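In this note's numbering, the protein residues as written are 1 to 216. Heads up, the thing below is written out as structure tokens.
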Amino acid sequence: GAGAMAGARGALIALEGVDRAGKSTQGRRLVEALRAGGHRADLLRFPERTTEIGRLLGAYLAGEKDVEDHAVHLLFSANRWEHVPSMKEKLHQGVTLVVDRYAFSGVAFTSAKENFCVDWCKQPDIGLPKPDLILFLQLSPEEAAARGDFGSERYENSLFQEKVLKSFYHLMKDKTLNWKMIDASKSIEDLHREIKSIAEETMLEVQNKPLGELWK
Ligand code: DGP
Ligand code: NA
Ligand code: NA
């Protein structure tokens, strides 16, 4: 209702980038800093592996389970949708949400596979809460490689990651979204300060604006 919900809403901030760009570290640091500054903020990470769908995705990523490519794409999307009611509730209560990966990873990773077009990949995520800000942590494949060997999860190889990066660049052409490119080769501290300042600016800008719907 208009009365109870009339306060400022929280911002939805997505962190995206290829593997090892530092998304998880920066997500944690951002939420800690926002809380220390008196804001309400929560961190969410997709895939969110604790639900039934999430456990299935965890087994898929670990290579313990094979799932057909279209089916798994829909499951990654379902894993986001199952969190939408609580995300909306928090945002409307004034909690800023930082999400470590979102629908853009969904599209970038699946469309990097053979015979998947971006349009098909976007469909299941149409209508998700639209991020007010998408921070894209940029790191060259060389710099990513220098941060150590890939682990053993599915998708963790340089050839595939380069295709993923190309898909991300394609998605960034969409000017209805607020993409901010961030140079992730900086120190953790410098990166954190830059991200915190952009996040705070966005939180102020959107607090009285309605939450949008993605790709609608
Ligand atoms: P992370 O927990 O951030 O390391 O992500 C696990 C892996 O899952 C990572 O390689 C990216 C991939 N991933 C994340 N979201 C999606 C998605 O929606 N679809 C697909 N196919 N892969 C995803
Ligand atoms: Na990973
Ligand atoms: Na991560």
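Quick reminder that beta carbons are idealized off the backbone N, C-alpha and C, glycines included. Computed from a prediction, not measured in an experiment: that's the story for all the values here.
Residues near residue i by beta carbon distance below 7 Å, same chain, minus five either side
| i | result |
| --- | --- |
| leucine 171 | Phe104, Val107, Ala108 |
Alpha-carbon spacing of residue i relative to residue j, whole angstroms
| i | j | result |
| --- | --- | --- |
| glycine 263 | leucine 91 | Residue numbering for the chain in the displayed model covers 1 to 216; residue 263 lies beyond these limits and cannot be assessed. |
| isoleucine 182 | leucine 44 | 20 Å |
| proline 141 | glycine 27 | 21 Å |
| glutamate 153 | valine 84 | 27 Å |
| serine 111 | glutamate 156 | 16 Å |
| serine 167 | arginine 49 | 24 Å |
| proline 129 | alanine 145 | 33 Å |
| glycine 151 | alanine 62 | 10 Å |
| leucine 159 | phenylalanine 116 | 17 Å |
| alanine 11 | aspartate 190 | 22 Å |
| histidine 39 | leucine 204 | 11 Å |
| tyrosine 217 | glycine 148 | No answer is possible for residue 217: the residues shown for the chain start at 1 and end at 216. |
| proline 131 | arginine 101 | 11 Å |
| lysine 113 | valine 164 | 9 Å |
| methionine 5 | glutamate 200 | Its pLDDT being 48, under 50, methionine 5 is placed unreliably in this model, and the value from its coordinates should be taken loosely. Near 21 Å, if we compare the C-alpha coordinates of glutamate 200 and methionine 5. |
| valine 31 | isoleucine 134 | 15 Å |
Sequence-distant residues of the same chain with beta carbon closer than 6 Å to residue i, five excluded per side
| i | result |
| --- | --- |
| glycine 7 | Gly94 |
Cβ pair residue i, residue j closer than 7 Å
| i | j | result |
| --- | --- | --- |
| alanine 14 | isoleucine 53 | no |
| leucine 137 | alanine 21 | yes |
| histidine 192 | arginine 35 | no |
Buried versus exposed call for residue i [16 or more other C-beta atoms within 10 Å across all chains shown]
| i | result |
| --- | --- |
| glutamate 64 | exposed |
| aspartate 69 | exposed |
| leucine 214 | buried |
| threonine 202 | buried |
| alanine 71 | exposed |
| proline 47 | buried |
| glutamine 161 | buried |
Three-way DSSP call (helix, strand, coil) for residue i in this model
| i | result |
| --- | --- |
| aspartate 19 | coil |
| glutamine 93 | coil |
| tyrosine 102 | coil |
| proline 129 | strand |
| tryptophan 179 | strand |
| glycine 10 | coil |
| phenylalanine 116 | coil |
| arginine 252 | It is not possible to answer for residue 252, since the shown part of the chain is limited to 1 through 216. |
| phenylalanine 46 | coil |
Own chain, CB closer than 8 Å to residue i, minus 5 neighbours either side, in chain order
| i | result |
| --- | --- |
| valine 118 | Val107, Ser111, Ser167, His170, Leu171 |
| leucine 74 | Pro124 |
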